[in-house]
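Below: the structure, in structure tokens.
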Amino acid sequence: SARRSAARVATGTAALLERLHDRLHDRVHGGAGAAAVVAVGGDGAAALLERWGSTGLEVRAALAEGVPAGVLVGGRAAGLPFASKAGGFGEPGTLVEVVDRLRGARRGDEPASTDPADQQHTDHQHTDHQHDAAPEPRSRPTPGGAPMDVPVLAVTIGDVAGIGPEITAKTLLGHDDLRAECVPVVLGDAGVMRRAVRDVGGDPDAVRVLERPRDATNAPGVVEVVQVGDPLPEVTVGELSPVAGDAAYRFVVAACDLAKAGEVDGIVTAPLNKAAMHAGGHAFPGHTELLAHEFGVEDFSLVLSAGDLYLFHLTTHVSLRQAIEDVTPERTDAVLTLVDAFSRALGRPGERIGVAGLNPHAGENRIFGDEDADVLEPAVRRAQERGVNAHGPLPADALIPAAVKGRWEFVVVCYHDQGHAPFKAVYGDDGVNITVGLPVVRVSVDHGTAFDIAGQGIAREASLVLSCRRAAALAPGWGHVRDAAQEVQEQEDVAS
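No gaps in the numbering here: position 79 of the sequence shown is 79 in UniProt numbering, and each next residue is one more.
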């Protein structure tokens, strides 16, 4: 009886889908036409493409997490704007946003990318964390032969004694849907990656060594690696190692070199260990400062992001005393310019930007300090005169909770813990770290090397998956950020 009922349900569902496909076919190919198609469910989208004789989707943007969009290739619907997502669209607003962005694409605008956070929480993963022209995303082959205009991402594996290789293997072997949004190419050590693949239950032969990123096939189930330097000697997993610290440094430098050469469109970084990097002979405060050094940029901002919240930092890895000195008019002007450019890269120009005060209650009319009135308030006014929708300085203890509740999407904080402490308290490791100000997009996991669980196969890859998605979504519009950074640098050069 149960089997017969299940069979009737399956038959009825198939018949309903067939009728829906017929109606959609008539709508697309009839006299009224259709501006675009949004398909929910991977099987349903595949069935539609097969019915229309389409050979693939030329992807042009990621409109939301896991929602590639572009135009159909081949068949009777060739050139039709199309977006799809396996499973449902999640929050009701996501579908509305995707439809709105497709409408913009139909008008001839570039479909602006966004990528809501795929949030997770893990207690074991933790962290603190010129202008070469950035390449445009290029057309890449897919296993089926259809071209995809998706960005090529250099994925550095971080400290090989930590969880970086493991989460990289899990990301590339367990999330084939990522390949519709980007071409992930690993920068690291092939031997380390073979061991990592084996440790997560995969076939070490899945690791394929490339000479250059452009040789990538982007085939599912394959980990494509550009070997950086000579093969590494054995490193004890879970222990601080100068060898691992030096290697992590070299992986990042190699990624920067490829970006400067136009061979990759963005950089995604697994965690490195600052103490190990220092022991290896490289005294950078962290990833962010190393990247800025390699690209020769002085104005950049560390940005923490989860969902639609972006926390920009005026200062990063310095003492609190130094941070107060570093909150200058010039620095504040530069960061507000970068925030405005970043909002345009996201396709959300003119969004409100909240600036947190440095002192309690944003100084309370100079009762608790002069910096807010003397530095931040004039900087906000100057930004407003340039057309930037900035507000503040506002008391941090009011602004940040309001931002968490969705009332502000773009927030500027003055120092590391003013942003990191509340962000981590609310989101744990459910976010990413974006470096704004570099000529290419760079996104990092928001957790550390987790030596305590390295090599056990239990590290979660969700933050790295999200980092790849964010980088892929941001890369097509990164020119706004690159141009703004160049403008800031030119203004400072003139002033000096």
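Cβ atoms here follow ideal geometry from the backbone N, Cα and C, with glycine treated the same way. Please read these numbers as outputs of a predicted model, since none were measured by experiment.
Cβ-based burial, Leu80 [other Cβ within 10 Å; buried from 16]: buried
Reference Glu330, options Tyr310, Arg382, Gly350, Asp205, closest by Cα: Arg382
Straight-line gap, Leu394 to Pro401 (C-alpha atoms, nearest Å): 12 angstroms
Buried versus exposed call for Glu97 [16 or more other C-beta atoms within 10 Å across all chains shown]: buried
Inter-residue spacing [alpha-carbon to alpha-carbon] between Phe251 and Thr156: 6 angstroms
Sequence-distant residues of the same chain with beta carbon closer than 6 angstroms to Ala152, five excluded per side: The residue you asked about is not Ala; residue 152 is Val in the sequence shown. Answer for Val152: Val183, Pro213, Val264, Asp265, listed in chain order.
Where the alpha helix (DSSP H) containing Gln418 begins and where it ends: 416-427
Status (buried if at least 16 other CB within 10 Å, exposed otherwise) for Gln418: buried
Rounded separation between Ala279 and Gly162 - CA only: 15 angstroms
Candidates Gly307, Arg460, Thr435, Lys424, of which the one nearest residue 499 by Cα: Shown here, the chain extends from 1 to 496; a query on residue 499 therefore has no answer.
Cβ-based burial, Pro439 [other Cβ within 10 Å; buried from 16]: buried
Cβ-based neighbour list, residue 498, same chain, cut-off 8 angstroms, excluding 5 preceding and 5 following: There is no way to answer for residue 498, as the model of the chain reaches only from 1 to 496.
Asn359 and Asp372 closer than 8 angstroms at C-beta: yes
Three-way DSSP call (helix, strand, coil) for Ile400 in this model: helix
8 angstroms Cβ shell around Met193 - same chain, five flanking residues per side excluded: Ile157, Pro165, Thr168, Ala169, Val186, Val207, Val223, Val225
For Phe342, the first and last residue of its enclosing alpha helix (DSSP H): First-last of the alpha helix (DSSP H) with Phe342: 329-345.
Residue closest to Pro220, alpha-carbon to alpha-carbon, out of Leu173, Val150, Asp203: Leu173
C-beta contact flag for Val413 and His313 at 8 angstroms: yes
Nearest candidate by alpha-carbon position, reference Leu272, set Leu258, Asp149, Thr288, Ala261: Comparing Cα-Cα distances from Leu272 to each of Leu258, Asp149, Thr288, Ala261, the minimum goes to Thr288.
Alpha-carbon to alpha-carbon, Asp430 and Asp374: 36 angstroms
Rounded distance between the beta-carbons of Val297 and Gly437, thought under 8 angstroms: Val297 and Gly437 do touch by the CB rule: their CB atoms are close to 6 angstroms apart, below 8 angstroms.
Closest by C-alpha distance to Thr316, when choosing among Ile434, Leu309, Val99: Ile434
Three-state secondary structure assigned by DSSP to Arg407: coil
Exposed unless 16 or more other CB atoms sit within 10 angstroms - verdict on Ala421: Exposed.
DSSP bridge partner residues for Ser301 (one or two, in chain order): BP columns for Ser301 point to Val436.
Beta-ladder partner(s) of Glu224, from DSSP: Checking the DSSP bridge columns, you'll see Glu224 partnered with Arg208.
For Ser467, the nearest candidate out of Val243, Thr269, Gly448 (CA to CA): Of Val243, Thr269, Gly448, the smallest CA-CA separation from Ser467 is found for Thr269.
Residues near Pro285 in its chain [Cβ-Cβ closer than 8 angstroms; skip 5 each side]: Lys274, Thr316, His317, Val318
Counterpart residues of Ile267 in DSSP-defined beta bridges: Ala154, Arg442
Three-state secondary structure assigned by DSSP to Phe251: Helix, per DSSP.
Which listed residue (Gly455, Ala454, Gly428) has its alpha carbon closest to that of Asp446: Closest by alpha carbon: Gly428.
Proximity winner among Phe423, Glu487, Val99, relative to Leu304 (alpha-carbon distances): Nearest option by C-alpha distance: Phe423.
C-alpha gap between Val37 and Ala47, whole angstroms: 13 angstroms
8 angstroms contact criterion, which Ala259 and Met277 should meet: CB distance rounded: Ala259 to Met277, Cβ: 20 angstroms. No contact.
Chain-order list of residues whose beta-carbon lies under 7 angstroms from that of Phe368 (same chain, five-residue window excluded): Asn359, Pro360, His361
7 angstroms CB neighbourhood of Pro349 in its chain, flanking five on each side removed: Ser343
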